[in-house]
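When we follow this note's numbering, the leftmost residue of the sequence shown carries the number 82, and every step to the right adds one.
Below: the structure, in C-alpha cells.
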Amino acid sequence: MSEMQLKNALDTLKTTGVRITPQRHAILEYLIESMSHPTADDIYKALEHRFPNMSVATVYNNLRVFRESGLVRELTYGDNASRFDFVTSKHYHIICESCGKIVDFHYPGLDEVEHLAAHVTGFKVNSHRLEVYGTCPECAEKEAKTEE
C-alpha cells in the first residue's frame with residue numbers, strides 16, 4: 082500500500098512542477114511509513130544519518146511544499162510543535178495528553194456532521210476536524226504503577 086501511495090505522491094509533485102530530490106523522496110517516504118505524526122525535528126533526526134548536509138530548515142521547506150501540494154496536513158495542537166500527517170482518507174485523531182502521541186481513527190458516521198452543519202446554518206462547508214483527547218494505554222499503565 083505505501084509503495085503505491087509514494088508513487089502517487091511523487092506523481093502529484095511532478096505534475097505540479099516540483100523537482101524530486103533525494104531528500105524530498107526520503108521525507109515523503111518517512112511520512113508515509115511513519116504512523117506517529119512526526120514533527121519536522123523528528124523527521125530531521127530520522128534522516129540526518131542519510132543526508133548529513135540536510136538541515137531542519139530543509140525539512141521545513143519540503144514540508145511546506147508538500148502541504149501546498151495537498152499531500153501533507155499540518156497538525157497544530159496547543160503549544161506543541163506542528164506535527165505532519167500524510168493525507169490519506171478522511172480520518173480523525175485521538176491525542177494522549179500525557180505523551181502527545183497521536184493515533185488515527187476513522188468513523189464514517191461523522192461525515193454527516195458536515196451535511197447537518199450546512200443544513201442548519203446555510204454555510205457551504207469545506208471540511209471539519211475532530212480531536213479526541215485522553216490517555217494512551219502506555220501512559221495509563223505508567224500512571225497506574227505510580228499510584229500503587
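Even for Gly, the Cβ is constructed at its ideal location relative to N, Cα and C.
Cβ separation of residue i and residue j, assumed to be a contact under 8 angstroms, to the nearest whole Å
i	j	result
GLU155	PHE165	6 angstroms
LEU94	TYR111	About 15 angstroms; that fails the 8 angstroms criterion.
ALA162	VAL137	Rounded, the Cβ-Cβ distance is 11 angstroms, inconsistent with contact.
LEU91	ILE101	6 angstroms
Sequence-distant residues of the same chain with beta carbon closer than 7 angstroms to residue i, five excluded per side
i	result
VAL146	VAL99
LEU211	TYR173, LEU191
ARG131	ALA107
PHE204	ALA198
VAL206	GLU195, ALA198, ALA199
Close beta carbons around residue i, own chain, < 6 angstroms, minus the five adjacent residues each side
i	result
MET82	Note on MET82: pLDDT 48, under 50, position unreliable in the model; the coordinate value appears next. Excluding positions up to five away in sequence, the list is empty.
HIS187	HIS172
THR227	none
MET135	GLN104
ARG148	GLU155
ASN143	ARG105, ILE108
Residue of the options minimising C-alpha distance to residue i
i	options	result
GLY151	VAL168, ASN142, ALA138, THR102	VAL168
MET85	PRO103, ASP185, LEU109	LEU109
LEU209	GLU219, HIS196, VAL201	A small correction: the amino acid at residue 209 is His; Leu does not occupy that position in the sequence shown. Of GLU219, HIS196, VAL201, the residue nearest in Cα terms is HIS196.
GLN104	MET116, TYR141, ASP92, ILE183	TYR141
GLU219	ASP123, VAL184, THR139	VAL184
VAL175	ARG148, GLU193, CYS217, VAL153	The identity of residue 175 in the sequence shown is Ile, whereas the question assumes Val. Looking at the Cα atoms, CYS217 is the closest of the given residues.
HIS118	THR96, TYR158, ASN89, PRO133	TYR158
Cβ neighbours of residue i in the same chain (closer than 8 angstroms, five flanking residues each side left out)
i	result
VAL153	LEU112, LEU144, PHE147, PHE165, ASP166, PHE167, VAL168
Whole runs of the beta strand (DSSP E) within the segment 129-158, excluding any shorter than 3 residues: 153-156
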